[in-house]
Every structure is written in structure tokens, then in C-alpha cells.
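Below: the structure, in C-alpha cells.
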Amino acid sequence: MNKLPCLDIEYGDTIALGAEARTYYATFLGYDVVVKHRFAKKYRAEAIDNLLRKNRSIQEVRLLHLARKIGVRVPFVLDIDKIAWKIIQERILGVPLKDRMNNVEVNFNKVGEYMALLHENNIIHGDLTTSNILLDEEDNIWFIDFGLGYISTQIEDKAVDILVLKHTLTSSHNALLDIAFNAFIKGYSINKEHKSIIKRMEKVEERIRYT
Amino acid sequence: MTLIAIGIESSADKLGVAIVNSDGEILANNVKTYKPGIGKGVIPRDAAEHHADNVSKLINLGLKQANITSADLDLICFTQGSGMGPCLRVDAVAARTLAVKLNKPIIGVNHQVAHVEIGKLIGQLDDPIALYVSGGNSQVIALAEGRYRVFGETLDIPIGNCLDVFGREMQFDNSEKPMGAVVEEYANMAKERGGDIFHELPYTVKGFDISFSGLLTAAIKLAKSGIPVDEVCFSLQETAFAMLTEVAERALAHTGKKELLVCGGVAANSRLKKMLEQMAEIHGAKFVGLPAPVAIDNGAMIAWNGILMHQAGHTQNIEDTLVRQRWRPEEVELIWLENEINNLI
Ligand SMILES: Nc1ncnc2c1ncn2[C@@H]1O[C@H](COP(=O)(O)OP(=O)(O)O)[C@@H](O)[C@H]1O
Ligand SMILES: [Mg+2]
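Structure below.
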């Protein structure tokens, strides 16, 4: 049994070895939690590795807090270990959207609405893939994994945020691309700036294709 | 029966001609690179002229090395896209001429898809995540839902272009070797003299996508501020390659695939290969870095992909051989992979 310096955690199974972190189930004071550990990556220069792990952990906690405040469903953060760079957060009883691609129209419409809300508050998610959106048993949408996120008022940043989702749909769920993305756009249109953001997204798309 | 194919590739600054047989043996594989003057970038029309001047020479050389005559060729394969229009036209015209003269089937091949297929052949891979890094491209490509799909790519300039422009700004001499190799040498120099001091530079990853233009601008600024240029090269490489490795890692984690391939001109960089190898190890994935002749733009990959297409029943009229500058890999129907794809579904 492993002990954290901050919380007395009982470790369970590994959920995922993701791109950035190892994620574990754990319990704390009898509550089910998830520990996200950004462990050191030896493949890159230590200075880069330390910076990335630190910045992303801190940014993730900050953005989870902000998103929660404006009413977007995100896991509650219990603690952060600033030595090993672990985030201890509420466990969501849900599955990643990539494993639950039914009811696509309804779900992506909701994703669009919440993204509109995040963007109106200048919160850029930064890694909006179908691995990072969870669906719970009551069909609520939860956003996780804000490590690449940041605060910005720029149209371009919001446009690229949406393009990341579109790219994931294109590569991983191509058969459902149109229906999912159209539903997203519909939901997203509650954002006052949605027209210029989507237009910019199309421009960026074109720029990528034509270079 | 063993088929013999010729592959002609001239989509960018390199002209490549190769002879490959259907057993996957490369009988000849020659490349000639167009060199813009020192301090200049690739001018498509000049590159095309270089290719046009050399294509018959390279074809004859290939036939000679393979110990065959043109009459022994069963298939004429060329890069149809994507690439620079004037350059592509050279391989297309050469292929059409051969096909008509010899009365042999012609096959137009997609450049990016061919990079992946030759990697699978040489690296003995089944279903890799491919990191394709060159002067004109920076993409993460993998098989998904029946096509080679671009999972991530640069939102602005390709990595090879980033290294080229930086080197030109520093007035590095790249007459002997590619600019990427020169930058790598400087970075190694810094290491040897203890100058591997890391200077923070913009690190931009967005989902599976990356951006190098902010990094390039900042690196140039850093060098002009008086930081020794070898230290800047070190920091530039470490930052850019960590970004590329991270998006490849994201694709591995997202898809759960267990093979990683790096191809394209920048794949020759040993620091990048080292990073990718170590990253793959974390995920229990097999890593393959290709030898340069099949990693860079080359004719062998075109010939091999053409053979795969032909064997799967692909036929093409000479009228349908117009070049396609913006032909994306996901637009290519993978008829030669039908069994693999059906097994996945
Ligand atoms: N709070 C949570 N509750 C339940 N599952 C979670 C939670 N956080 C992460 N997960 C699961 O772990 C996986 C990886 O977590 P994530 O934060 O996305 O890390 P990474 O940056 O490695 O992708 C997610 O795709 C999800 O399945
Ligand atoms: Mg994630």
C-alpha cells in the first residue's frame, strides 16, 4: 500500500496509461477517488519534463476549479501532490464517450452547449478528444483532462479547441463525423461568438490543407 | 509469378527512382536531391527542372543496377500526390511515357500512404502509428475505420521546414548535408562541451496537433540575443522532438496500438529516434526507425505500394493520372488491406 505525503490514499487498479499520466482508482476516507499521476518521462530533457508536469498539473487543477464554478460538470479536486505531481480527484462513474458512441446527436449537442459555456468564460480545454469526455449513468456529460488547457479570449484559440474535437471525430469516429459534429455545432451556437469562431475554424482547416 | 515494378517519386525536392519486385526485394533505389542556393528555400519550378534533367538518367541507372531492361518491367508506378504541382508533373510524365511506350499498366500512388506501406514492409509491422516527419509534412497517421487517417498534424509549418528556416537564419552551411543534420550536429556539439543548457521555448501541443511557428520565431530571437547558437540548437531540438514524441504518444494511448514507425526525412535524426524508442517502451510498443534510403522520399515506396495495389486488382487509365497536389491519405481506398480491415471490424 502506497502512501501519499498529503492524503492517506489506498490504491486500487490502474485505469489507464494515458498519453501523459498513469491514472489509478483509489479510496480516501472511504470515498472513491481517481489519482492522476504525471510520472517523469525519461525520453525528454529533464528540464522540459519538469516544466510540463508542473505547469500541466497546476493548470489542470485551476481550470477544473473554474469550470466547476460556472456550472460545467467536472471532477472535484481533493488535493494535489506538488512533489510527485499527482492530482487526487472525485471519481466519476462514467465511460469515455469514445466507448459510448450511441445517442450521438443528443450527447454531442450537450457537449456543444458546455463547450460554449467554457469558451464564453475563456476556458480553452486544449485536448477535446472523445477520451476526455465522460458519460455517466444518467447521461450527464463530464469533462476531464484539462492539462493542455489555458485561459484565452482569442477567437483563434477557441477555433482550434473545436478543431481538435473535429479531428478526433474524423480520425476515430469517421462514420459518425457529420452527425456528431453537426449536433455539436448546434449546441455550441448558444455561444454569442459562435459564428466567428466556427468561421475561423474553417479557415484554420483550410490553412492546414493548403500548406 | 514475381512482378517487377519501377517507382518514380518527385513530389518535393528529391527525385527518386527504384526497381522493386513483388517479393518485396529492392533491386535498385536511387535518390537525387535538388539543392537551392545557400540561404534559399525550395523553389518548386527549379526543383522540377532538376528532376526533369535527371529522371531518364536515374531510370537507366536503376535498370542497370537491377540487371534488367525496360521490357522486363511489369508495372509503372509514380507519385500522383500530394506534393508540389510542378515537381509531381515530372514523375507523372515520365511514368505515362514509360507506360505508353512499354504498354504496361500505370499506377498512381499516394505519397504518405506509400511511406507507411514501405515502413510496414521493411519494419515487419502490421498496424503501426506512423509519425511522418519531413520538410513538407508533420503528421501522425494510422489505420482507423478502413482508411489511413491523419490523427494529428502541424497547424502551421512542418518540422523539417522549421529546422531549415532556423538553419538558414543562422547561415548554416547545408551544401554537404540536409539542414536537419546540421542542426543536430550543433546540438551534439553543445552536449560535448557541456553547453546542453536548456532554454525554455514555446511548447505547443493541442490535442493530437502541434505548432512550430512560435517555436521557430522564439529560437531565432534567442540566438540573436547572444545565446550560443549550439545551445539554441540543443533547446530547439529537445523542444520540437519532445512535442512530436508526445503527439505520437497520445495517438498510441488513444488507439491502443502497439507499433510505432517513424518515416520521412527528419526520421534520420538520431535524437528523435531515441526519444521515440524510449517512449514506445513505456507503452510496450514495438518501435521501428527506418534506414534513410527507405525513410526519406524514395522510389521504392512508390513501387512497393503500386505492387500492392496492382495485386489487389487496382487498374488505372492513363487519362486518370493527373497529379493531385492535395491528395490526403484518408481519401485513398485501401483495397490491398481489405482482409486486415475486415479482421479489425
Ligand atoms: N475523475 C475521473 N473519474 C473517472 N474516470 C476518470 C477520471 N479521470 C480520468 N479518468 C479515466 O482515466 C483516463 C485517463 O485520464 P486523463 O485525465 O484523461 O489522463 P491522460 O492525460 O493520461 O489522458 C480517462 O480517459 C478516463 O477513462
Ligand atoms: Mg485523457
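Read top to bottom, the protein sequences are chains L and A. Using this note's numbering, read the first sequence as starting at 1283 and increasing by one per residue. Using this note's numbering, read the second sequence as starting at 8 and increasing by one per residue. Every residue, glycine too, gets a C-beta built ideally from N, C-alpha and C.
Reduced DSSP secondary structure (H/G/I, E/B, other) of residue i
i, result
"residue 140 of chain A", "strand"
"residue 1452 of chain L", "helix"
"residue 306 of chain A", "helix"
"residue 28 of chain A", "strand"
"residue 1368 of chain L", "strand"
"residue 246 of chain A", "helix"
"residue 117 of chain A", "strand"
"residue 1389 of chain L", "helix"
"residue 1322 of chain L", "coil"
"residue 77 of chain A", "helix"
"residue 195 of chain A", "helix"
"residue 262 of chain A", "helix"
"residue 276 of chain A", "coil"
"residue 8 of chain A", "coil"
"residue 17 of chain A", "coil"
"residue 36 of chain A", "strand"
"residue 173 of chain A", "helix"
"residue 1420 of chain L", "coil"
"residue 160 of chain A", "strand"
"residue 1339 of chain L", "helix"
"residue 150 of chain A", "strand"
"residue 1310 of chain L", "strand"
"residue 1461 of chain L", "helix"
"residue 1287 of chain L", "In this predicted model, residue 1287 of chain L has a pLDDT of only 49, less than 50, meaning its place in the structure is not dependable; the value taken from the coordinates is given anyway. Coil at residue 1287 of chain L, not helix or strand."
"residue 232 of chain A", "coil"
"residue 185 of chain A", "coil"
"residue 48 of chain A", "coil"
"residue 130 of chain A", "helix"
"residue 221 of chain A", "helix"
"residue 216 of chain A", "strand"
"residue 1476 of chain L", "helix"
Any C-beta of chain A under 8 Å from that of residue i
i, result
"residue 1319 of chain L", "no"
"residue 1408 of chain L", "yes"
"residue 1488 of chain L", "no"
"residue 1339 of chain L", "no"
"residue 1326 of chain L", "yes"
"residue 1299 of chain L", "yes"
"residue 1333 of chain L", "yes"
"residue 1430 of chain L", "yes"
"residue 1373 of chain L", "no"
"residue 1401 of chain L", "no"
"residue 1491 of chain L", "yes"
"residue 1386 of chain L", "no"
"residue 1456 of chain L", "yes"
Chain L contact for residue i (CB, 8 Å cutoff)
i, result
"residue 178 of chain A", "no"
"residue 162 of chain A", "yes"
"residue 286 of chain A", "yes"
"residue 14 of chain A", "no"
"residue 156 of chain A", "yes"
"residue 333 of chain A", "yes"
"residue 139 of chain A", "no"
"residue 205 of chain A", "yes"
"residue 9 of chain A", "no"
"residue 224 of chain A", "no"
"residue 234 of chain A", "no"
Cβ-heavy atom distance, residue i to ligand 2, below 7 Å
i, result
"residue 1413 of chain L", "yes"
Nearest neighbour of residue i, chosen from the options [CA to CA]
i, options, result
"residue 166 of chain A", "A:121, A:222, A:284", "A:222"
"residue 91 of chain A", "A:136, A:169, A:52, A:337", "A:52"
"residue 1303 of chain L", "L:1309, L:1297, L:1321, L:1316", "L:1321"
"residue 198 of chain A", "A:57, A:242, A:179", "A:242"
"residue 97 of chain A", "A:69, A:142, A:57", "A:57"
"residue 95 of chain A", "A:77, A:115, A:78, A:110", "A:115"
"residue 261 of chain A", "A:148, A:196, A:41, A:247", "A:148"
"residue 249 of chain A", "A:237, A:211, A:299", "A:211"
"residue 1317 of chain L", "L:1326, L:1311, L:1372", "L:1372"
"residue 324 of chain A", "A:275, A:282, A:291, A:84", "A:84"
"residue 1313 of chain L", "L:1437, L:1358, L:1483, L:1460", "L:1358"
Let me have the residue list for ligand 4: C-beta closer than 7 Å to any non-hydrogen atom, ordered along the chain. Absence of ligand 4 from the depicted structure is noted, with ligand 1 and ligand 2 being the only ligands included.
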